[in-house]
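Chemist:
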Amino acid sequence: MRHPSLRSRGCSELVRVLLWEGDPDAAWEAAEEGGCSRDLWLKLADLRRAEHPEDTLGVYRRHVESVIAGRDKRAYAEAVRLIDKTMRALNAECGRPEEFDVYVEEVRTAHRAKRNLMKLMSGLDPARAA
């Protein structure tokens, strides 16, 4: 199944209805098929996190990228907070804490020209446990 961008609002209304009806699994499927708004993706990720942490990794990876796209110090601080708290914990919950370091390096490589972001990311301690 394809993973639509966080910006794709496609099935947002359907996802909202399915969540209102108490069917988060059907809401997740609808979002995967047709996309939904960023806030709904994050809500779905939070709902699935306990039982399906793997599903949430992609959602939060895309969310971190969209936050970085804000291109200001506040956005960068929020992105680093998400990386340090949420992504670190999710990798641990998936049983792959070592992949956190790989992810951090991917972000650093992709955004190395953003000096303020790199400065904030230098404070990430890869060895620290979640």
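Residue numbers are given in the working numbering: position 103 of the sequence shown equals residue 106, and the series is strictly consecutive.
All residues carry an ideal CB built from backbone N, CA and C; glycine is no exception.
(1) From which residue to which residue does the alpha helix (DSSP H) around Met1 run?
(2) Distance, Cα to Cα, Arg115 vs Val70?
(3) Span of the alpha helix (DSSP H) holding Ser15?
(4) Enumerate in chain order the residues of its own chain whose CB-to-CB distance from Ser8 is below 8 Å, with the five nearest sequence positions on each side excluded.
(5) Which ranges does the alpha helix (DSSP H) cover as unbroken runs of at least 4 residues, wholly within the region 41 to 101, from first to last along the chain?
Modeler: Checking against the coordinates, here is how it stands:
(1) Residue 1 is absent from the model: the chain starts at 4 and stops at 133.
(2) For the purposes of this step, residue 115 is taken as residue 112 along the sequence shown, with counting starting at 1. For the purposes of this step, residue 70 is taken as residue 67 along the sequence shown, with counting starting at 1. For Arg115 and Val70, the distance between alpha carbons rounds to 16 Å.
(3) Here the question's residue 15 lines up with position 12 in the sequence shown. Ser15 -> alpha helix (DSSP H) spans Ser15 to Trp23.
(4) As a first step, residue 8 is located in the sequence shown; it is residue number 5 there, counting from the start. Residue placement at Ser8 is poorly supported in this model, since its pLDDT is 45, which falls under 50; the coordinates still yield a value, given next. Only Gly38 and Arg65 meet the Cβ criterion.
(5) 41 to 51, 56 to 71, 76 to 84 and 91 to 96
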